[in-house]
Amino acid sequence: MPASIKDVAKEAGVSIATVSRVLNDVDVVNEETKKKVVEAINKLGYRPNIVARSLKTQRTKTIGIIIPDISSQFYPEIVRGAEDVANIYDYNIMLCNTDLDPEKEMEYLRVLKEKMVDGVLYMSTSLEPNIVDLIDKLQLPMVLVETTNREGNIPSVTIDNEKAAFDAVNYLIKRGNKNIAYVGTHEDEVNASALRYKGYKHTLEENGLKLNENITYFGGLKAQDGYEGIVEILKHGKIDAVFCASDEIAMGAINALRDNGFRVPEDIDIIGFDNIYSASIFYPKITTIAQPMYDMGSVGMRMLIKIINKQEVESKNYILDHELIERDSCKK
């Protein structure tokens, strides 16, 4: 039979109330008594009744993490950073994969509220008004990771996606490329990758290059989108380079170019975005914009735990540094 709080109190020679104070980290217990209680807990293998404690404290020590696509190499690294920090502060994780489906995002938000999670780390494919309205209604402590909402009123951890895209496209232009295609999401989407299209357009404008809509393709962020995008773009004219809104798109784009008789980078330069592991081992190895995935998760989780515990947060919207990684998919 599992040890009870009464057994711990008896073993430590203290009252049940004292054990409860130690478990809830109430400061009135002196260090010597606290040590006795901890030793008794370890000796007896006592585990608190989480349900009973949560009813009393209105805390479950559980944080929900919502991710759009568990098959992507991008999100697991963010989750790893978040989980490492959660473990330090004794929080458990409830992971929810939405399969890029906004309806599933909304359903998971409702489920997490019902499960009485203390907060949510949220990676969303598209923060449309109905989702933001639901977030407001549920009143869950929340931090967005990788993206922000239009109003910017939900705490977030991101990179400057528009500036990162500017750096990527400028890199291509400096290599003499003028007909630079774009494959990614449309700027009307409410997510991080949409800002990359804005950065693409801005860079062309800054360099006196005209936007050619015939060599832009809007779709998802998977390899198949990259392949289909290039097949469509090649029907409409000559290109020198391609800015891809994700590394997976870049892989699909390279395969499509290869299948159509083009060499990368000899004929066409390709640059990706994210710096997932596969980008470093794909052939050719992909030049890309690196996002600090682990740090995004760890910073986001620290921020969320502070919000849950009503502690001051230094900034509501953290913007972490990105980095351009030079590899073999662009001419040197």
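Residue numbers (this note's numbering): 1375 to 1706.
Cβ atoms here follow ideal geometry from the backbone N, Cα and C, with glycine treated the same way.
For residue i, collect the residues of the same chain with a Cβ closer than 8 Å to its Cβ; drop the 5 residues on either side in sequence, then sort them by chain order.
{"i": "Asn1551", "result": "Asp1614, Ala1615, Asp1643"}
{"i": "Val1382", "result": "Val1393, Val1411, Ala1414, Ile1415, Leu1418, Tyr1420"}
{"i": "Met1480", "result": "Asn1504, Ile1505, Leu1508"}
{"i": "Ala1391", "result": "none"}
{"i": "Leu1429", "result": "Note that Leu1429 scores a pLDDT of 48, beneath 50, so its modelled location is shaky and nothing firm can be said."}
{"i": "Lys1612", "result": "Asn1553"}
{"i": "Lys1534", "result": "One point to set straight first is that residue 1534 is Asp, not Lys, in the sequence displayed. Contacts found: Ile1693, His1696."}
For residue i, which residues of its own chain have a beta-carbon under 6 Å away from its beta-carbon, when the five flanking residues on both sides are left out?
{"i": "Arg1676", "result": "Val1459"}
{"i": "Leu1469", "result": "Ile1439"}
{"i": "Asp1648", "result": "Phe1448, Ser1620, Asp1621, Gln1665"}
{"i": "Thr1590", "result": "Tyr1556"}
Using 10 angstroms around the beta-carbon of residue i, count the other beta-carbons present and answer buried if the total reaches 16, otherwise exposed.
{"i": "Pro1376", "result": "exposed"}
{"i": "Gln1665", "result": "buried"}
{"i": "Lys1575", "result": "buried"}
{"i": "Val1687", "result": "exposed"}
{"i": "Val1673", "result": "buried"}
{"i": "Val1485", "result": "exposed"}
{"i": "His1696", "result": "buried"}
{"i": "Leu1495", "result": "buried"}
{"i": "Val1402", "result": "exposed"}
{"i": "Arg1570", "result": "buried"}
{"i": "Glu1477", "result": "exposed"}
{"i": "Tyr1545", "result": "buried"}
Taking 7 Å as the limit between beta carbons, can you name the residues of its chain near residue i, skipping five residues before and five after?
{"i": "Lys1487", "result": "Leu1512, Leu1514"}
{"i": "Glu1563", "result": "Ser1500"}
{"i": "Thr1407", "result": "Val1388, Thr1392"}
Grouping DSSP H, G and I as helix and E and B as strand, with all else coil, what is residue i?
{"i": "Val1347", "result": "The shown model of the chain, from 1375 to 1706, leaves out residue 1347, and the question about it has no answer."}
{"i": "Val1459", "result": "helix"}
{"i": "Val1638", "result": "coil"}
{"i": "Asn1504", "result": "helix"}
{"i": "Ile1693", "result": "strand"}
{"i": "Val1519", "result": "strand"}
{"i": "Ile1613", "result": "coil"}
{"i": "Leu1698", "result": "strand"}
{"i": "Tyr1651", "result": "helix"}
{"i": "Phe1656", "result": "coil"}
Over what stretch of residues does the alpha helix (DSSP H) that includes residue i continue unbroken?
{"i": "Asn1466", "result": "No alpha helix (DSSP H) contains Asn1466, which is instead part of the beta strand (DSSP E) from 1466-1471."}
{"i": "Ile1444", "result": "First-last for Ile1444: undefined, no H or E at that position."}
Taking the beta strand (DSSP E) that residue i belongs to, which residues open and close that run?
{"i": "Val1531", "result": "1530-1533"}
{"i": "Gly1600", "result": "Per DSSP, Gly1600 belongs to no beta strand (DSSP E); it is in the alpha helix (DSSP H), 1597-1607."}
{"i": "Asp1643", "result": "1643-1648"}
{"i": "Thr1661", "result": "1661-1664"}
{"i": "Val1411", "result": "Taken as a continuous stretch (DSSP letters only), Val1411 belongs to no beta strand (DSSP E), being part of the alpha helix (DSSP H) at 1405-1418."}
{"i": "Gly1438", "result": "1436-1441"}
{"i": "Gly1558", "result": "1554-1558"}
{"i": "Thr1590", "result": "1590-1592"}
*If we count Cβ pairs, one from each stretch, closer than 8 Å, do we get three or more for the region 1537-1546 versus the region 1514-1529?*
Because the criterion of three Cβ pairs below 8 Å is not met, the region 1537-1546 and the region 1514-1529 do not touch.
*Three-pair Cβ contact test at 8 Å for the region 1680-1692 versus the region 1647-1665*: Contact fails: fewer than three Cβ-Cβ distances are below 8 Å.
*Please determine if the region 1619-1628 and the region 1586-1598 are in contact, where contact requires at least 3 C-beta pairs separated by less than 8 Å.*
Three or more beta-carbon pairs separated by less than 8 Å link the region 1619-1628 to the region 1586-1598, which places the two stretches in contact.
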